[in-house]
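Participant:
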């Protein structure tokens, strides 16, 4: 799978980036305008949202529809391919919910051991 000729190298890594899953969840119930996406995604910048939506459109995960209104507006919607990510996202969320106590404890233990080690040196 790590060989340059392996077809899996063509899989968009966009799926695991910071914002894609959140955008997919925002579009789960139907199309939304750019400004509407900024509300639940309040920590994202307009630039990063635009770049992520553009990449998702390139990868076939969303469609971008322009409406010739005054002022013009654009809506983004999940494609069937983008909608298929909901199953993966739900599985990841379930795994996180199931293992959150273990993850939290592992991080706490790591931080404690790192803090102790830095005090020694």
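Residue numbers (my numbering): 316 to 436. Where is the CB? At the ideal position from N, CA and C, for every residue including glycine.
Which same chain residues, not among the five before or five after residue 355, have their C-beta less than 7 Å away from its C-beta?
Facilitator: For residue 355, where only same-chain residues beyond five positions count, the Cβ hits under 7 Å are 341.
Participant: Write down the C-beta distance between residue 396 and residue 376 rounded to the nearest angstrom, noting that I regard them as a contact closer than 8 Å.
Facilitator: Contact flag correct, Cβ pair sits at about 6 Å.
Participant: Quick check on the DSSP output: the beta strand (DSSP E) that includes residue 392 runs from which residue to which?
Facilitator: 388-393 is the span of the beta strand (DSSP E), which, as asked, contains residue 392.
Participant: Where are the beta strand (DSSP E) runs, 3 residues long or more, that stay fully inside the stretch 373-426, in chain order?
Facilitator: DSSP runs (the beta strand (DSSP E)) wholly in the stretch 373-426: 377-382 and 388-393.
Participant: If you draw a straight line from the alpha carbon of residue 357 to that of residue 335, how long is it in whole angstroms?
Facilitator: If you take the alpha carbons of residue 357 and residue 335, they lie about 14 Å apart.
Participant: Judging by CA-CA distance, which residue of 321, 345 and 331 is the nearest neighbour of residue 392?
Facilitator: Cα-wise, what sits closest to residue 392 is 345.
Participant: Could you please give the first and the last residue of the uninterrupted alpha helix (DSSP H) stretch that includes residue 338?
Facilitator: Its alpha helix (DSSP H) spans residues 335-342.
Participant: Rounded to whole angstroms, what is the Cα-Cα separation between residue 374 and residue 367?
Facilitator: Distance between the alpha carbons of residue 374 and residue 367: 10 Å.
Participant: Quick one: give me the first and last residue of the alpha helix (DSSP H) that residue 320 is part of.
Facilitator: Element bounds for residue 320: n/a, residue is neither H nor E.
Participant: To the nearest angstrom, report how far apart residue 361 and residue 353 are at their CA atoms.
Facilitator: If you take the alpha carbons of residue 361 and residue 353, they lie about 8 Å apart.
Participant: If residue 390 sits next to residue 402, beta carbons under 8 Å apart, how far is it from one beta carbon to the other, in whole angstroms?
Facilitator: No, residue 390 and residue 402 are not in contact; Cβ-Cβ is about 24 Å, not under 8 Å.
Participant: Judging by CA-CA distance, which residue of 413, 400, 318 and 386 is the nearest neighbour of residue 332?
Facilitator: It is 400.
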